[in-house]
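Worksheet: the structure to be examined is printed underneath.
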Amino acid sequence: MQQLRQEKSWSQAELAAKLNVSRQTVNAIERERYDPSLELAFRIARLFDRKIEEIFLP
Numbered sequence: 357m358q359q360l361r362q363e364k365s366w367s368q369a370e371l372a373a374k375l376n377v378s379r380q381t382v383n384a385i386e387r388e389r390y391d392p393s394l395e396l397a398f399r400i401a402r403l404f405d406r407k408i409e410e411i412f413l414p
């Protein structure tokens with residue numbers, strides 16, 4: 357997710373605002389310390405116009 361965010365030149369705070377979550381949540385997801393809920397995963401996928409699998413599976 358970090359790479360996708362950086363491709364759009366968004367800060368963690370900007371992405372967090374777009375997803376209606378905290379910057380800390382974005383940071384935790386990017387550092388793989390937090391697995392987003394299914395609802396949040398779908399919002400992230402829609403925002404980046406990608407499949408969930410493309411974002412969260414290695």
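Counted the way our numbering counts, the sequence shown spans residues 357 to 414.
Where a beta carbon is used, it is the ideal one built from N, C-alpha and C, also for glycine.
Would you call R389 buried or exposed, if buried means 16 or more other Cβ atoms sit within 10 Å of its Cβ? exposed
Compute the beta-carbon to beta-carbon distance between Q368 and N383, rounded to the nearest angstrom, for a pair I have assumed lies under 8 angstroms. 6 angstroms
Between which two residues does the alpha helix (DSSP H) containing K374 stretch? Q368 to L375
Three-state secondary structure assigned by DSSP to R399: DSSP places R399 in helix when its eight states are reduced to three.
Helix, strand or coil for L394, going by three-state DSSP, please let me know. helix
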